[in-house]
Amino acid sequence: GAVVSQHPSWVICKSGTSVKIECRSLDFQATTMFWYRQFPKQSLMLMATSNEGSKATYEQGVEKDKFLINHASLTLSTLTVTSAHPEDSSFYICSARGDRVYEQYFGPGTRLTVT
Amino acid sequence: GENVEQHPSTLSVQEGDSAVIKCTYSDSASNYFPWYKQELGKRPQLIIDIRSNVGEKKDQRIAVTLNKTAKHFSLHITETQPEDSAVYFCAASESQAGTALIFGKGTTLSVSS
Chain C
8 GAVVSQHPSW VICKSGTSVK IECRSLDFQA TTMFWYRQFP KQSLMLMATS
58 NEGSKATYEQ GVEKDKFLIN HASLTLSTLT VTSAHPEDSS FYICSARGDR
108 VYEQYFGPGT RLTVT
Chain H
3 GENVEQHPST LSVQEGDSAV IKCTYSDSAS NYFPWYKQEL GKRPQLIIDI
53 RSNVGEKKDQ RIAVTLNKTA KHFSLHITET QPEDSAVYFC AASESQAGTA
103 LIFGKGTTLS VSS
């Protein structure tokens, strides 16, 4: 099956700094990538949808200036959490869709802790 | 946009019993309904999915049923085992490439031996 990787798997940063998370599709071209956030004991909440070469579409309530998404190629999307605060601490998961448009393939997730 | 409701939020069964989790969705355009199992700190794992052109799909101990008219779908696990204990999520989406999966709130299944 298709493989999606994420880096880093976990990161600790200080309040006010920025953190970049990478999401890569390793063996297929991802026309669309999605970013989800999952707080403890909660569900996956869609943050944004990104298409290669175009601006991301953010869900209501997600600050686009705080969560910067770049989808520069068909295999790479990045999420940058700017000026991170403790309330941004969460599990961030990306997913990608390729030619098989039904299934989404999930990355392993990134655990972000802001101190 | 799509909204997915999932029930129950917790489910405790004895080993060997069956477990049923139900979901409803709001967007009639949705035609893809996967179920995921997620263990703590891990990515969701697809366990079974169904598309709107069928009403039921089975894979060994797991089955999913879909009622498009009523906009609900269900996960059935038979002969449950302790290793089935996890959080299960249903999701829904259209089949178009640019459409994200929208998830239900999850069900924590506990199977005691």
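So the sequence lines, in the order shown, correspond to chains C and H. This note's numbering numbers the first residue of the first sequence as 8 and each following residue consecutively. This note's numbering numbers the first residue of the second sequence as 3 and each following residue consecutively. Cβ coordinates follow ideal geometry from the N, Cα and C atoms, glycine included. Since this is a predicted model, take the numbers as computed values, not measurements.
Asked, Found
"Check whether Phe105/H and Phe75/H have beta carbons under 7 Å apart", "no"
"Per-residue contacts from Gly100/H into chain C (C-beta, under 7 Å)", "Thr39, Thr56 and Asn58"
"Residues near Lys70/H by beta carbon distance below 7 Å, same chain, minus five either side", "Ser54"
"Chain C contact for Phe105/H (CB, 7 Å cutoff)", "yes"
"Pro115/C at chain H interface by Cβ criterion, 7 Å", "yes"
"Gln98/H versus Tyr109/C, Ile100/C and Thr120/C, residue with shortest Cα-Cα distance", "Tyr109/C"
"Nearest-angstrom Cα separation, counted from Leu48/H out to Leu103/H", "12 Å"
"Bridge-paired residues (DSSP) for Leu119/C", "Val18/C and Ser97/C"
"Phe113/C to Tyr38/H span [Cα, whole Å]", "11 Å"
"Residue from Glu70/C, Ala37/C and Thr38/C with nearest C-alpha to Leu53/C", "Glu70/C"
"7 Å Cβ cutoff, Ser63/H in contact with chain C", "Reading the sequence as shown, one finds Arg at residue 63/H and not Ser. Not an interface residue."
"Outcome for Leu77/H when other beta-carbon atoms lying within 10 angstroms are tallied against a minimum of 16", "buried"
"Supposed contact pair Gly116/C and Gln36/C - C-beta distance, whole angstroms, cut 8 Å", "Rounded, the Cβ-Cβ distance is 22 Å, inconsistent with contact."
"Proximal residues to Thr56/C (C-beta, below 7 Å), its chain only, five neighbours per side dropped", "Thr39, Phe41, Ala63 and Thr64"
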